[in-house]
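Note sheet for the following structure.
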Amino acid sequence: MKHVVSFSGGRSSAYLVNLMKNLYPDTDFIFMDTGAEHPKTYEFVKNIVKYWGIKLTCLRVVVNPELGQANSYREITLDELKQDLQPFRDICYKYGTPYVHGAFCTRSMKLEPFERYCKDNYGKGNYQTWLGIRADEPKRLKPKDGYSYLADISDFDKSDVINWWKNQSFDLDLPEHLGNCVFCIKKGINKIALATRDEPKMAEDFINLINDPNVRVVERRQQENKIMYRGNNSLIAIMAMYQNHSREEILATIRGNKGYDSGSCSESCEVFSCQLDLGK
Numbered sequence: 010m011k012h013v014v015s016f017s018g019g020r021s022s023a024y025l026v027n028l029m030k031n032l033y034p035d036t037d038f039i040f041m042d043t044g045a046e047h048p049k050t051y052e053f054v055k056n057i058v059k060y061w062g063i064k065l066t067c068l069r070v071v072v073n074p075e076l077g078q079a080n081s082y083r084e085i086t087l088d089e090l091k092q093d094l095q096p097f098r099d100i101c102y103k104y105g106t107p108y109v110h111g112a113f114c115t116r117s118m119k120l121e122p123f124e125r126y127c128k129d130n131y132g133k134g135n136y137q138t139w140l141g142i143r144a145d146e147p148k149r150l151k152p153k154d155g156y157s158y159l160a161d162i163s164d165f166d167k168s169d170v171i172n173w174w175k176n177q178s179f180d181l182d183l184p185e186h187l188g189n190c191v192f193c194i195k196k197g198i199n200k201i202a203l204a205t206r207d208e209p210k211m212a213e214d215f216i217n218l219i220n221d222p223n224v225r226v227v228e229r230r231q232q233e234n235k236i237m238y239r240g241n242n243s244l245i246a247i248m249a250m251y252q253n254h255s256r257e258e259i260l261a262t263i264r265g266n267k268g269y270d271s272g273s274c275s276e277s278c279e280v281f282s283c284q285l286d287l288g289k
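Taking this note's numbering as reference, the numbering of the sequence shown is continuous, increasing by one, and the terminal residue is 289.
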């Protein structure tokens, strides 16, 4: 049975990489690139390879534009990792824009290419997928054949992981609201609003993408009106909602809600998360 770590680019996932390379030296490590990660995420991924000497396979989805036809994948080099939004753009052209209860972005860009690569290289049923889901994330720790979790080999919670990284020679220099896919549909609207303030050029590029006339228009209210986020909100609507609030006021709504760690790793998107969110 081959051990395969799906490395998301977050701190918990990277901590899992460190454990697995020592526990099982023949472990394979795979990073699925959406083209929508923050540049600091890409820097972090490259540092993992540089400082820990692992062999990391980087994949991108290759979208077959014909509906009903399966997509594939291609291997890319570390130097090709960049925030160009191309995989995200390609899936929007085929399927329309994703939305909070229709996270086909994770399925199409991460889960399906990952599974195809593993079946091609190891054979169906011959590999065990490892995900960086911690012991303090019980709702995400759902038993599933072929999957194991960070929690299976470590009792570290979120604060433990953050403290562990403070003692390393490098770290993910990224605040919680920006990591990792900057405008991820699973983030709260206040985090999205704060991200648009901190990364206005990225916000402009993302808006241009979702308003691209080549994006498929699906007869669903969410996709017709670019409603992608919680509370039936579009990105433009969220920006308008917070336009009269200062950055500090937006940040205070996050801190006053469920807490906020400037060095958190809670926003990484695991390859299996599209199924976890559906309760499968």
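Just so it is clear, CB atoms sit at the ideal spot from N, CA and C, and this is done for glycine as well.
It should be emphasised that the depicted structure is a prediction, and the values quoted were computed from it without experimental measurement.
In the three-state reduction of the DSSP assignment, D35 falls in the coil class, being assigned neither a helical nor a strand state. With a 10 Å radius around the Cβ and a threshold of 16 neighbouring Cβ atoms, Y60 comes out exposed. Under the criterion of beta carbons closer than 8 Å, F97 and L181 do not qualify as touching, at roughly 21 Å. Restricting attention to R69, G155, A160, the CA atom closest to the CA of P147 is found in A160. In the three-state reduction of the DSSP assignment, Y24 falls in the helix class, which pools H, G and I. Here T43 is not bridged, per DSSP, to any residue. Separation of R149 and I142 (C-alpha to C-alpha, rounded to the nearest whole angstrom) is 7 Å. In this structure, the beta-carbon distance from Q92 to E46 falls below 8 Å. For F16, the enclosing beta strand (DSSP E) starts and ends at 11 to 16. As for any alpha helix (DSSP H) of minimum length 4 sitting wholly inside the region 101 to 135, the runs are 121 to 131, ordered along the chain. The bridge partners DSSP lists for L218 come to none. When beta bridges are read from the DSSP output, C190 appears opposite E46. For R69, the beta-bridge partners assigned by DSSP are R83. Take P48, set aside five residues on each side of it, and the residues of its chain with a beta-carbon closer than 6 Å to its own are Q92, in chain order.
When only Cα atoms are considered, I194 and G105 end up about 14 Å apart. At least 8 Å separates the beta-carbon of T50 from that of G197. In the structure shown, L203 adopts helical secondary structure according to DSSP, grouped into three states.
Within the DSSP bridge table, the entry for Y158 names L140 as partners. Across the structure, R83 and E124 are spaced so that their CA atoms are roughly 13 Å apart. The distance from the Cβ of A202 to that of I247 is about 5 Å, consistent with a contact at the 8 Å cut-off. Setting aside the 5 residues that flank it on each side, V58 is surrounded in the same chain by L65, L87, each with a C-beta closer than 7 Å to its C-beta; the list follows chain order. In the DSSP assignment, I247 falls within the unbroken alpha helix (DSSP H) covering 244 to 250. The continuous alpha helix (DSSP H) containing L260 extends over residues 256 to 264.
Per the C-alpha coordinates, the member of T115, P222, Q78, Q177 positioned closest to T43 is T115. Taking 8 Å as the upper bound for CB-CB distance, K11 and Y102 are not in contact here, some 34 Å apart. When the beta-carbon positions are compared, Y126 and L76 stay at least 8 Å from each other. When the five nearest sequence neighbours on each side are left out, the beta carbons in the same chain lying within less than 7 Å of the beta carbon of L25 are those of V14, W139, G141, L159, in order along the chain. Cβ atoms of S117 and V70 come within 8 Å of each other, at about 6 Å. For Y238, DSSP records a beta bridge to N242.
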